[in-house]
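Engineer:
Protein chains: 2
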Amino acid sequence: MTTIPPSHPRYLSLKTREQIAQGMKQGIVHETGLIAHGRGEAFDYLLGEATHPQAEAASKVAAAALLTAAHPVISVNGNVAALAADSCIHLAHSIPAHLEVNLFHRTLERMEKITALLQSKGAQTVYGLAADERIPGLDHDRALCEKNGIFSADVVLVPLEDGDRCQALCAMGKTVITIDLNPLSRTAQTATITIVDNVIRALPGLQQWVVALNDTPRSDLAQMLQSWDNTHNLKTMLSFLSKRLNSLG
Amino acid sequence: MTTIPPSHPRYLSLKTREQIAQGMKQGIVHETGLIAHGRGEAFDYLLGEATHPQAEAASKVAAAALLTAAHPVISVNGNVAALAADSCIHLAHSIPAHLEVNLFHRTLERMEKITALLQSKGAQTVYGLAADERIPGLDHDRALCEKNGIFSADVVLVPLEDGDRCQALCAMGKTVITIDLNPLSRTAQTATITIVDNVIRALPGLQQWVVALNDTPRSDLAQMLQSWDNTHNLKTMLSFLSKRLNSLG
Numbered sequence: 659m660t661t662i663p664p665s666h667p668r669y670l671s672l673k674t675r676e677q678i679a680q681g682m683k684q685g686i687v688h689e690t691g692l693i694a695h696g697r698g699e700a701f702d703y704l705l706g707e708a709t710h711p712q713a714e715a716a717s718k719v720a721a722a723a724l725l726t727a728a729h730p731v732i733s734v735n736g737n738v739a740a741l742a743a744d745s746c747i748h749l750a751h752s753i754p755a756h757l758e759v760n761l762f763h764r765t766l767e768r769m770e771k772i773t774a775l776l777q778s779k780g781a782q783t784v785y786g787l788a789a790d791e792r793i794p795g796l797d798h799d800r801a802l803c804e805k806n807g808i809f810s811a812d813v814v815l816v817p818l819e820d821g822d823r824c825q826a827l828c829a830m831g832k833t834v835i836t837i838d839l840n841p842l843s844r845t846a847q848t849a850t851i852t853i854v855d856n857v858i859r860a861l862p863g864l865q866q867w868v869v870a871l872n873d874t875p876r877s878d879l880a881q882m883l884q885s886w887d888n889t890h891n892l893k894t895m896l897s898f899l900s901k902r903l904n905s906l907g
Numbered sequence: 659m660t661t662i663p664p665s666h667p668r669y670l671s672l673k674t675r676e677q678i679a680q681g682m683k684q685g686i687v688h689e690t691g692l693i694a695h696g697r698g699e700a701f702d703y704l705l706g707e708a709t710h711p712q713a714e715a716a717s718k719v720a721a722a723a724l725l726t727a728a729h730p731v732i733s734v735n736g737n738v739a740a741l742a743a744d745s746c747i748h749l750a751h752s753i754p755a756h757l758e759v760n761l762f763h764r765t766l767e768r769m770e771k772i773t774a775l776l777q778s779k780g781a782q783t784v785y786g787l788a789a790d791e792r793i794p795g796l797d798h799d800r801a802l803c804e805k806n807g808i809f810s811a812d813v814v815l816v817p818l819e820d821g822d823r824c825q826a827l828c829a830m831g832k833t834v835i836t837i838d839l840n841p842l843s844r845t846a847q848t849a850t851i852t853i854v855d856n857v858i859r860a861l862p863g864l865q866q867w868v869v870a871l872n873d874t875p876r877s878d879l880a881q882m883l884q885s886w887d888n889t890h891n892l893k894t895m896l897s898f899l900s901k902r903l904n905s906l907g
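Residue numbers (the working numbering), protein chains in the order written: chain A, 659 to 907; chain B, 659 to 907.
1) What are the complete beta strand (DSSP E) segments, minimum 3 residues, inside the region 839-868 of chain A?
2) What residues from chain A crowd round Gly706 (chain B), counting only those whose CB sits closer than 9 Å?
3) Name the chain B residues whose beta carbon is nearer than 8 Å to that of Phe701 (chain A)?
4) Is the region 742-750 of chain B touching the region 797-811 of chain B in the sense that three or more CB pairs, one from each, lie closer than 8 Å?
5) Can you find at least 3 beta carbon pairs, one from the region 868-877 of chain A and one from the region 676-689 of chain B, that sit closer than 8 Å?
6) Is the distance from the Cβ of Val834 (chain B) to the Cβ of Thr850 (chain B) below 7 Å?
7) Have a look at B:Ala694, B:His710 and B:Ile793 and flag the residue whose alpha-carbon is nearest the alpha-carbon of Met895 (chain B).
8) Look up Val719 (chain A) in the DSSP assignment and say whether it is helix, strand or coil.
9) Terminal residues of the continuous alpha helix (DSSP H) containing Ser671 (chain A)?
10) Where does the unbroken beta strand (DSSP E) through Leu815 (chain B) begin, and where does it stop?
11) Using the C-alpha atoms, what's the distance from Val759 (chain B) back to Thr765 (chain B)?
12) In this structure, how does DSSP classify Glu758 (chain A) when only helix, strand and coil are distinguished?
13) Nearest chain A C-beta to Met659 (chain B) closer than 7 Å, yes or no?
14) With H, G and I counted as helix, E and B as strand and the rest as coil, what does DSSP make of Ser733 (chain A)?
15) Assuming the contact rule is C-beta atoms closer than 8 Å, Gly685 (chain A) and Lys779 (chain A) should be a hit. Round their C-beta distance to whole Å, please.
16) For a minimum of 3 consecutive residues, which ranges assigned as the beta strand (DSSP E) are wholly contained in the region 778-833 of chain B?
17) Looking only at DSSP bridge pairs, what is Ile772 (chain B) linked to?
18) Of the choices A:Leu818, A:Ser843 and A:Asp838, whose alpha-carbon is the least far from that of Val738 (chain A)?
19) Taking C-beta pairs closer than 7 Å, name the residues in chain B that His695 (chain A) reaches, listed in chain order.
20) Relative to chain B, which residues along the region 835-846 of chain A have a C-beta separation below 8 Å, given in chain order?
21) Are any of the Cβ atoms in chain A nearer than 7 Å to that of Ser900 (chain B)?
22) List the DSSP bridge partners of Ile835 (chain B).
23) Can you give me the C-alpha to C-alpha distance between Pro794 (chain A) and Ala826 (chain A), rounded to a whole angstrom?
24) So with CB distances below 8 Å, who are the chain A contacts of Asn909 (chain B)?
25) Contact criterion: CB-CB distance below 7 Å. Does Arg859 (chain B) meet it with respect to chain A?
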C-alpha cells in the first residue's frame, strides 16, 4: 500500500481511496465499486467532508429504529467491507444486530472473501453465503438473501445500497436505513431514513447514538421514529449543498 | 463486455462506465482512473448530462486557441484513451495538432498500450514514449514529456488533467485548455480555458468549432482568445449547478 503521510491535507480522502483500490486488488471490491466510490468522493467534497446536522439527526433516529427493532440486520457489501468492516462489527455488537453480506455483483468468491474478512475481525453470525430466499421484485443474483437474515428483518441498515434493492426492501414493508453521500440518489430518496454522510464517519457516529440512546424508554424511541420526516431532511441537505456550491465559486 | 440495451434510460452513462472498466482490464486505465470517472459521473449528473452554454462558449474559444497555435498538442491519458480515442484523433487531424500520451501513473506498459491503441486507430505521430524532457516543478515520472511534444507546445489540450500538472503547464506560459466536469477542481480553476463537460460530448463539440471557425481570420480568433474570461464562465456554471441542486430536491 502506498504510504500517505498523515500530515497530507488530503490524508483521509487519499487513505480511503487507497483502501478501496486495495479492496479491489484483494477481490473484495467490484470494479464498479471504485466508480461508485468516486461519485461519493464528489458529493463528500461538496459536503466539505464533514458530518452535518441533517446527518446527525438521521443517525439519531436510525439508532432509535435499530434499538426498537425485533430483528435488525446490517447489510455489508464490498465497499462497506473495504472501508468500514470494524465499524459494522462494533455497531452490530452494540445494538445487537446481525450482519449479512449482500452483493449487487454476487460471486461465490467475493461472498466468501467478505465473510472471511468479517469473521477474522471478530464477527459472530454472518448471513449471506447460505442464501435461501429472494427479495421480491428483483431479478438476477442481486435478489438473493437469507431467510433468517435480511429476508425476515424488520429494520435493515443498507449502507451504499443500489436504488432498485432499496426500493424492493421498502416494498417488503421494512424500515430501511441507508448511508449515501448523494442526497439525490434513488436509494437516498427511497429509504425510510437517509444518513447523507461518508460511511467512515457515519457508522461510528451511528454507534455513538446507539450507545447514547440505549437507556431511553423504547416508547420514546418509537415516537422519535414515527415523527421522522426523511423528505424534509433531504431537502434541507440539498439546500445547504446548493448554497455551498455558490459560495465556493 | 456486458450488453446494455440502447433503450435503457441510462444507456450512455452505463456504456461509458463499461468502457472505463474494460479499459482497466486491458491495462489502459489506472484503478484511480475508475474513481476519477465516478467523480465525473456525479458532476455530470448534476449537469443533467448535457452540454451547457458555458461549455459551448469555452469550446468555441478553445477552438480559436487551437487554430491560432503555432504548435498545439493534445494530451491523452488512460481515461481519455478509453473513452474518446477516436475523437482525439479526429480533432488532432482537423486542427492539425499532435497527440502525446501523458500519464500521471506512468508505466512503460500503459504508455505502450495507449500509444498502440491510438496508432491502431490511425493516429500518425504520437509523442510520449520517448520522453526526453520534464515539466518544471513536478516530481516523479508525472513530469516526463517530449521536447518536440508538450514541452515545446504553445497551446495544450489536457482533458481530465491533474491539478498539479495543469498548474505546472500554465506556469510554463502555455495556453492550457482542459475538459473537466468539476468546475471546482484545481484543474478547472487553473486552466486558461475550462470546458465543463463530459469528454465524450466535449471533444466532438470542440471538433465542430474547429471546423466552423477554420475560415475565420486568425486576428479575429486571437481577439476572441484575448477577451476570454474563464473565471466568469466558471462562476456562471456554478451558479447554474447551485440552482439545479435546489430544484432537484
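Glycine is no exception: its CB is placed at the ideal position from the N, C-alpha and C atoms.
As the structure is a prediction and not an experimental result, all values here were calculated from the model.
Structural biologist: According to the structure shown:
1) Runs found: 851-853.
2) Residue numbering aside, residue 706 (chain B) sits at position 48 when the second sequence is read from its first letter. Neighbours of Gly706 (chain B) on chain A: none; closest Cβ ~12 Å, over 9 Å.
3) Taking the first sequence and counting its residues from 1, one reaches residue 701 (chain A) at position 43. What Phe701 (chain A) touches in chain B: Ala700.
4) With the rule of 3 Cβ pairs closer than 8 Å, the region 797-811 of chain B does not count as touching the region 742-750 of chain B.
5) Contact fails: fewer than three Cβ-Cβ distances are below 8 Å.
6) Position 176 of the second sequence, counted from the start, is the residue given in the question as residue 834 (chain B). Position 192 of the second sequence, counted from the start, is the residue given in the question as residue 850 (chain B). Val834 (chain B) places its beta carbon less than 7 Å from that of Thr850 (chain B).
7) Looking up residue 895 (chain B) in the second sequence gives position 237. When only C-alpha atoms are compared, the closest one is B:His710.
8) Within the first sequence, the letter at position 61 stands for residue 719 (chain A). Val719 (chain A) falls in the helix class under three-state DSSP.
9) Indexing the first sequence from 1 puts residue 671 (chain A) at position 13. Tyr669 to Lys683 is the span of the alpha helix (DSSP H), which, as asked, contains Ser671 (chain A).
10) Within the second sequence, residue 815 (chain B) is the residue found at index 157, counting from 1. Start and end: Val813 to Leu815.
11) As a working note, residue 765 (chain B) is residue 107 in the second sequence. As a working note, residue 759 (chain B) is residue 101 in the second sequence. Distance between the alpha carbons of Thr765 (chain B) and Val759 (chain B): 11 Å.
12) Along the first sequence, one-based indexing puts residue 758 (chain A) at 100. Glu758 (chain A) falls in the strand class under three-state DSSP.
13) Position 1 of the second sequence, counted from the first residue, corresponds to residue 659 (chain B). In this prediction, Met659 (chain B) has a pLDDT of 45, which is less than 50 and means its spatial position is unreliable; what the coordinates show is noted afterwards. False, the Cβ-Cβ gap to chain A never drops below 7 Å.
14) As a first step, residue 733 (chain A) is located in the first sequence; it is residue number 75 there, counting from the start. Reduced to three states, the DSSP call for Ser733 (chain A) is strand.
15) Within the first sequence, residue 685 (chain A) is the residue found at index 27, counting from 1. Within the first sequence, residue 779 (chain A) is the residue found at index 121, counting from 1. Approximately 17 Å separates the beta-carbon atoms of Gly685 (chain A) and Lys779 (chain A); this is outside 8 Å, ruling out the contact.
16) You should have 813-815.
17) By one-based count along the second sequence, residue 772 (chain B) stands at place 114. Beta-bridge annotation (DSSP): Ile772 (chain B) is not paired with any residue.
18) Start at 1 with the first residue of the first sequence, and residue 738 (chain A) comes out as number 80. It is A:Leu818 whose Cα lies nearest to the Cα of Val738 (chain A).
19) Within the first sequence, residue 695 (chain A) is the residue found at index 37, counting from 1. Result: Ile693 and Gly696.
20) If the cut-off is 8 Å between Cβ atoms, the region 835-846 of chain A has Asn840, Pro841 and Leu842 near chain B.
21) As a first step, residue 900 (chain B) must be located in the second sequence, where it is residue number 242. Yes, its Cβ sits closer than 7 Å to a Cβ of chain A.
22) On the second sequence, position 177 is the one that residue 835 (chain B) refers to. DSSP output for Ile835 (chain B) lists B:Leu815 and B:Ile851 as bridge partner(s).
23) Start at 1 with the first residue of the first sequence, and residue 794 (chain A) comes out as number 136. Start at 1 with the first residue of the first sequence, and residue 826 (chain A) comes out as number 168. Roughly 7 Å separates the two Cα atoms.
24) Coverage of chain B is limited to positions 659 through 907, which leaves residue 909 (chain B) absent and any answer about it impossible.
25) Here the question's residue 859 (chain B) lines up with position 201 in the second sequence. Answer no: the Cβ-Cβ gap between Arg859 (chain B) and chain A never drops below 7 Å.
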